[in-house]
Structure formats: structure tokens, C-alpha cells
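Peer 1: Questions regarding the structure given below will be posed in turn.
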Amino acid sequence: MQKLNLRDLPLKGKKVLMRVDFNVPMDSHGHITDDSRIKASLPSIQYALDQGCSLILMSHLGRPKNKEFTLKPCADHLASLLHKPVIFAPESSEKKLAADLKPGEILMLENLRFHPGEENPEAHPEFVKALAELGDYYVNDAFGTAHRNHASTCAIAKYFSGKAAAGFLLEKEIEFLGKMLNHPERPFVGIIGGAKISTKIGALPSLLKKMDVILIGGAMAHTFLKAKKISVGSSLYEEEFVYQAHFLMNESKRLNKSLLLPIDLVITNQAEIKVIDVDEGIPEGWQGVDIGPKTIQMFKNALISAKTVLWNGPLGIFEVEAFATGTKAIAEALADLHATTIVGGGDSLAAIYAAGVADKITHLSTGGGASLEYIEFGTLPGIEALSHSNRSIS
Ligand code: ADP
Ligand code: MG
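All the letters of the sequence shown, read from the start, carry residue numbers 2 to 395 under my numbering.
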């Protein structure tokens with residue numbers, strides 16, 4: 002893949018429209034609980050400012066239905082990290098504010114997903130065009146959303162022929178994942194959990210081909226248990242992917258790979274918490290919330306000899322202390338390995354920080370779904386959309 006890079010652009014005096022990933026976790030008061038994605042974008046932002054351009058930053062935040070997630074707290078947080086003002090553009094004010102922007106100044110647009118055009122650019126070409134008109138160059142540094150075919154990650158690039166470049170974070174992620182994809186040291190173990198079953202299960206067939214062992218936990222595991230005709234009570238799972246879980250279990254046998262599902266689970270009915278063997282099934286009114294102690298041991302055993310590990314998706318509802326044991330134990334196990342360890346995904350990174358082992362993980366990837374899809378396809382729509390260059394970035 003040969004794509005233009007931020008370093009290739011003559012930025013001085015220009016307006017640079019940069020797609021960043023400020024989709025950070027927040028508490029119910031709108032306070033940022035983990036700013037690693039904002040910090041990860043600082044190298045590109047700082048470099049661009051040092052070159053004497055003005056910056057227009059754009060991002061999404063969450064999945065707003067009623068314009069409830071404003072990016073204002075992220076703009077303020079960025080200002081405090083940079084020790085300089087960041088002008089915030091409420092909806093509809095961006096055109097004038099961008100036009101008035103001077104070199105060295107930063108403008109942050111409101112949550113792009115407030116407009117339906119962000120997620121559905123084909124139906125809203127006027128939205129894409131208006132965004133594109135704000136800047137002279139386009140830079141994509143949002144690895145976490147580079148697997149989405151959205152206005153600010155893909156459609157916009159067509160307005161920047163020869164002027165659409167990768168930012169440093171995107172470049173770093175691609176370099177790392179590309180290396181791992183092409184020459185993984187074996188055994189290569191994958192750990193897949195979390196709640197976004199539909200966006201992740203599609204990557205599993207190709208992960209199964211590339212990996213030696215896959216460990217399944219979190220809500221993802223319930224979809225597999227359902228495929229084994231084990232009752233899951235009121236656990237989170239996705240009925241329409243049960244057939245795919247079935248296919249994956251057969252496929253793992255055919256390819257002689259091990260696909261390990263939890264053998265015991267922590268379950269709750271809100272009033273009580275208990276551990277059950279999975280074969281018993283989860284009773285009606287109870288839900289699986291963490292992997293059990295036998296599963297923790299089984300997963301640790303599977304990890305001992307690993308030379309490469311990729312983890313996406315917490316193994317339980319780790320935000321609740323009582324259901325964080327499995328995720329924490331596996332995070333600690335990863336920290337002790339002599340292996341290349343990669344953890345990706347917003348919630349997975351939060352879990353790694355909560356376990357206090359972030360400095361013992363080889364690569365913390367800002368993208369969960371994006372890293373899985375990159376491994377699946379070897380590229381992402383947001384990378385493909387960028388301008389061609391003669392210099393390789395992966
Ligand atoms: P990432 O952000 O790392 O890609 P996801 O967004 O897919 O991960 O999933 C993270 C969420 O999954 C967390 O909020 C966690 O509470 C949830 N989760 C994990 N295990 C379960 C489970 N057994 N039941 C319900 N939710 C779960
Ligand atoms: Mg998440």
C-alpha cells in the first residue's frame with residue numbers, strides 16, 4: 002500500500018482538515034474517563050501546527066440519537082493538553098469559523114454524527130461537499146473508524162485528489178498490524194470478547210485461518226453457546242449470527258485449529274451472583290457477565306506458549322468490579338508473556354489501563370473493529386480512500 006503521508010504535504014499557511022478519533026469513553030456527567038485516543042492524535046496535531054498551518058479537527062462521538070454527545074469536552078481537553086486554545090464550532094457555525102481561522106489556530110467541529118450525512122454520505126452528498134470545502138488538505142488519523150465507509154473517513158477524500166494523506170497514528174497502526182499480519186511468530190493466539198458481536202464475528206473466519214488458537218469470551222461467547230444449543234437465559238447474544246458461530250466451530254475442526262469457548266461462567270439475576278458450568282446452561286432470568294475460574298485457567302494455559310497475541314473485547318462486564326475478574330486475570334497473564342501482545346478497542350484499552358498493565362503490552366491499538374478488519378482484509382476503506390504516493394506506509 003502506497004499512500005500519501007502528512008509529512009508529504011506542504012502545509013505552511015494552509016488549512017488542514019483532519020479526521021481524528023476522539024470517540025472517548027465518558028461518564029454520565031460528560032467527563033472523559035480515558036483520554037488515550039486524544040493523546041494518540043497529538044503527534045499529528047503538533048506536527049501540523051509546527052508546520053505553520055491551521056487545523057480543523059473533526060470526529061464522531063458515540064452513537065447520538067438526539068444530539069446528546071457534544072464534542073465540546075474533547076475540544077476543551079485537547080486545549081488543556083496542548084496548552085493553547087481550541088475553538089469549538091457548534092453546528093452550522095463551522096463555515097464562518099473555518100474561513101476566519103489563522104495559521105496556528107485550531108478549530109474543532111461538533112460531533113459529525115449529529116448529521117445523518119456522516120454515516121450515510123451517499124444520501125447526503127451536500128454534507129460531504131460542505132465538509133470538504135473547509136480545508137485545503139485532508140488528513141485521516143482516525144484508525145479506530147477507518148473501517149467505516151463514512152463521510153469524514155472515505156467519501157470526503159474524493160474532493161482531495163492528490164491531497165488526502167494518512168496521519169502518524171494511522172501510519173503507525175498500519176505498520177504494526179501489517180508486520181504482524183505478514184510474519185506472526187507462532188503460536189498466534191486471538192482473544193475475542195466484548196459486546197459488538199455483529200461487527201466482529203465477520204472477521205473470525207479469516208482470523209481462524211491466520212491464528213493457531215482463538216479464545217472466545219464476553220457476550221460473543223453466548224452466541225457460540227446458543228449455536229451449541231446451550232441455553233443462555235437473558236444473556237446478551239445475537240440470534241442472527243448463531244449460524245455463523247456454528248460454521249466457525251465446524252471450520253475450526255476442519256482446519257485443525259482450537260476455538261475455545263468458556264467452560265464456566267459468572268452469572269447474575271441482578272439479586273445474586275453465582276458461577277455455573279456452561280454445560281448446565283444459563284437459567285431463565287440469569288445472564289452471563291464474566292468467564293469463570295476454570296475458564297480463566299484454561300485461557301491462561303492456552304496463552305503460556307503464545308508468541309503473538311491479539312486481544313479485542315473484554316471478557317466480561319469489566320466496568321462492574323464484581324464482573325471484572327476474568328478480564329483482569331487475562332490482562333495480567335498477557336503482561337507476563339514473552340510475546341508480541343496487541344490489544345485493540347476502546348473498551349479493551351480501558352480494561353488494560355484499569356488492570357494497570359498498559360506498559361507491559363507491546364502495542365495498544367486505538368481500533369478494535371478496525372484492527373480485526375485490517376487483519377481480515379489487509380486494508381481498510383479509510384486507507385484505500387487516501388491519495389497514492391510512491392512511498393510505502395505498510
Ligand atoms: P472494544 O471497545 O474493546 O472493541 P466492545 O465495544 O465490543 O469492545 O465491547 C465492550 C463491552 O462489552 C463492554 O462495555 C463490556 O461491558 C461488554 N461485555 C463484555 N462481556 C459482556 C457480557 N458477558 N455481557 C454483556 N456485555 C459484555
Ligand atoms: Mg467498545
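C-beta: ideal position from N, C-alpha, C; glycine also.
(1) Per the contact definition of three or more C-beta pairs closer than 8 Å, is the region 371-386 in contact with the region 199-215?
(2) Looking at the ligand MG, does it come within less than 7 Å of Lys197, judged from the CB to the closest heavy atom?
(3) If you draw a straight line from the C-alpha of Ile57 to the C-alpha of Leu98, how long is it?
(4) Exposed or buried, what is Ile268 when buried is set at 16 or more other beta-carbons lying within 10 Å of its beta-carbon?
(5) Does the region 302-311 come into contact with the region 271-281, if we say contact requires no fewer than three beta-carbon pairs (one atom in each stretch) closer than 8 Å?
(6) Can you list, in chain order, every residue whose CB sits closer than 5 Å to a heavy atom of the ligand MG?
(7) Kindly indicate which three-state DSSP category Ala147 falls into: helix, strand or coil?
(8) Can you list, in chain order, the stretches of the beta strand (DSSP E) that have 3 or more residues and sit fully within the region 38-83?
(9) Give the secondary structure of Ala165 by DSSP, where H, G and I count as helix, E and B as strand, and everything else as coil.
(10) Out of curiosity, what's the CA-to-CA distance linking Ala325 and Glu241?
(11) Buried or exposed for Arg255, going by 16 or more other Cβ atoms inside 10 Å?
(12) State the DSSP-derived secondary structure class of Ser395, mapped to helix, strand or coil.
(13) Grab the span of the beta strand (DSSP E) containing Val190 for me, first residue to last.
(14) Between which two residues does the alpha helix (DSSP H) containing Ile305 stretch?
(15) Is the region 99-109 touching the region 141-150, taking contact as three or more C-beta pairs under 8 Å?
(16) Any heavy atom of the ligand ADP closer than 7 Å to the CB of Met237?
(17) Cβ of Val233 versus every heavy atom of the ligand ADP: is any distance shorter than 7 Å?
(18) Looking at the unbroken beta strand (DSSP E) that takes in Tyr139, where does it start and where does it end?
(19) The beta strand (DSSP E) with Gly357 in it runs from where to where?
(20) Please report the straight-line C-alpha distance between Lys229 and Gly31, rounded to a whole angstrom.
(21) Jot down the residue ranges of each uninterrupted alpha helix (DSSP H) in the region 311-385, minimum 4 residues, whole runs only, in chain order.
(22) With a threshold of 7 Å (Cβ to nearest heavy atom), would Ile274 be considered close to the ligand ADP?
(23) Can you name the residues that DSSP bridges to His389?
(24) How long is the line joining the alpha carbons of Ser60 and Asn391, rounded to whole angstroms?
(25) Could you check if Gly314 belongs to the surroundings of the ligand ADP, using beta carbon to heavy atom distance under 7 Å?
(26) To the nearest angstrom, report how far apart Leu108 and Ala90 are at their CA atoms.
(27) Measuring CA to CA, which of Gly286, Gly118, Ala80, Asp348 is closest to Ser236?
(28) Can you have a look at Lys159 and say buried or exposed, based on whether 16 or more other CB atoms are within 10 angstroms of its CB?
(29) Put Phe23 into one of helix, strand or coil per three-state DSSP.
Peer 2: Put simply:
(1) At 8 Å Cβ cutoff, the stretches touch.
(2) Yes, the beta carbon of Lys197 sits closer than 7 Å to at least one heavy atom of the ligand MG.
(3) Just so you know, the alpha carbons of Ile57 and Leu98 end up roughly 10 Å apart.
(4) Ile268 is buried by the Cβ-count criterion.
(5) Flag = no, the region 302-311 and the region 271-281 do not touch.
(6) Residue list for the ligand MG: Gly347, Asp348 (CB closer than 5 Å to any heavy atom, chain order).
(7) If DSSP states are grouped into helix, strand and coil, Ala147 belongs with coil.
(8) Counting only runs of 3 or more, we get 55-59.
(9) Looking at Ala165 - three-state DSSP - the assignment turns out to be strand.
(10) Cα to Cα, Ala325 sits roughly 28 Å from Glu241.
(11) By the neighbour-count rule (16 or more Cβ atoms within 10 Å), Arg255 is not buried but exposed.
(12) Confidence is the limiting factor: at Ser395 the pLDDT is only 46, short of 50, which leaves the residue's position unreliable, though a coordinate-based value still follows. Ser395 carries a coil assignment under DSSP once its states are collapsed to helix, strand and coil.
(13) Run containing Val190: 189-193, per the beta strand (DSSP E) assignment.
(14) If you look at Ile305, you'll find it in the alpha helix (DSSP H) that goes 294-305.
(15) With a cut-off of 8 Å, the region 141-150 and the region 99-109 do not count as touching, because too few Cβ pairs lie within range.
(16) It is Leu, not Met, that sits at residue 237 in the sequence shown. For the ligand ADP, at least one heavy atom lies less than 7 Å from the Cβ of Leu237.
(17) No; taking the cut-off as 7 Å, the Cβ of Val233 has no heavy atom of the ligand ADP nearer than that.
(18) Unbroken beta strand (DSSP E) run through Tyr139: 138-141.
(19) Neither: Gly357 is in no beta strand (DSSP E) and is coded neither H nor E.
(20) Each residue's alpha carbon lies about 41 Å from the other.
(21) Counting only runs of 4 or more, we get 326-337, 347-355, 370-378, 382-385.
(22) Incorrect: Ile274 has no Cβ contact closer than 7 Å to the ligand ADP.
(23) Partner(s): Lys4.
(24) Taken atom to atom, the span from the alpha-carbon of Ser60 to that of Asn391 is near 29 Å.
(25) Shortest gap from the CB of Gly314 to any heavy atom of the ligand ADP: under 7 Å.
(26) One C-alpha to the other measures close to 7 Å.
(27) Comparing Cα-Cα distances from Ser236 to each of Gly286, Gly118, Ala80, Asp348, the minimum goes to Gly286.
(28) Exposed is the call here.
(29) In the three-state scheme derived from DSSP, where H, G and I count as helix and E and B as strand, Phe23 is classed as coil.
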